[in-house]
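Residue numbers (this note's numbering): 3 to 202. Notes for the one structure printed next.
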């Protein structure tokens, strides 16, 4: 009897743990978007991967990593890889040309000169622009809405949130054609960058 009671109790506890984990991972309230944005704004580091399927070109990907006052942007199409860091009120910009890093230094006259990577894509996290879709299991951008980011217009946006990451899928209208795009934000407060490891 005690053995059966133990098995029954253990099963109930296991079910409770599974249910708790499932509901903790389910984000369906607009407040979840606000909370995630707040987490990004307070984060010390993060990683963003943007992938596009461009007609006549194929699939291209761009990675951006941020760690405090340091950032790294991977090579993307015709743009070279770039590493930046702030040292003694100066912004050091290292650009990779053909495997060799070129350094340029710029004075920082105002903290506003250092635009946060988070600020640049806050437009994706306006909770008033979304409605949760049970069919898509994601927040869906409201009809008639578009998001402008990095000079591109994003339409048909789906925003899927997890506790420490998110995935944005959409279509970008650029140069007269629609391009499938995916943006993944992850590794919040887990990214570590160093000039020595990247530039040498």
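Even glycine gets a Cβ: it sits at the ideal position worked out from N, Cα and C. Bear in mind that the values here come from a model prediction, so they are computed numbers and not experimental data.
Listed in chain order, the non-local C-beta contacts of residue 75 below 6 Å within the same chain comprise 66 and 84, local neighbours out to five positions each way being set aside. Taking C-beta atoms as the reference points, residue 51 and residue 141 fail to come closer than 8 Å. Between residue 173 and residue 186, the CB-CB gap reaches or exceeds 8 Å.
Where residue 140 is concerned, the enclosing beta strand (DSSP E) starts and stops at 140-143.
With three or more CB-CB distances shorter than 8 Å, the stretch 190-200 counts as touching the stretch 35-49. In the DSSP annotation of this structure, the continuous segment of the beta strand (DSSP E) that includes residue 94 starts and ends at 92-99.
Here the C-alpha atom of residue 131 lies approximately 7 Å from the C-alpha atom of residue 147. Boundaries of the alpha helix (DSSP H) harbouring residue 39: 32-44, taken from the DSSP string.
Assigned with DSSP and collapsed to three states, residue 129 falls in helix.
When secondary structure is reduced to three states using DSSP, residue 110 falls in the coil class, being assigned neither helix nor strand. Boundaries of the beta strand (DSSP E) around residue 155: 154-163.
About 11 Å separates the Cβ atoms of residue 151 and residue 127, ruling out a contact at the 8 Å cut-off. In the DSSP assignment, residue 186 falls within the beta strand (DSSP E) that extends over 179-188. Nearest neighbour of residue 53 by Cα position, chosen from 181, 161 and 40, turns out to be 181.
Per DSSP, reduced to three states, the secondary structure at residue 137 is coil, with no helix or strand assignment. Distance check between residue 109 and each of 183, 89, 201 and 80 places 89 closest, using alpha-carbon atoms only.
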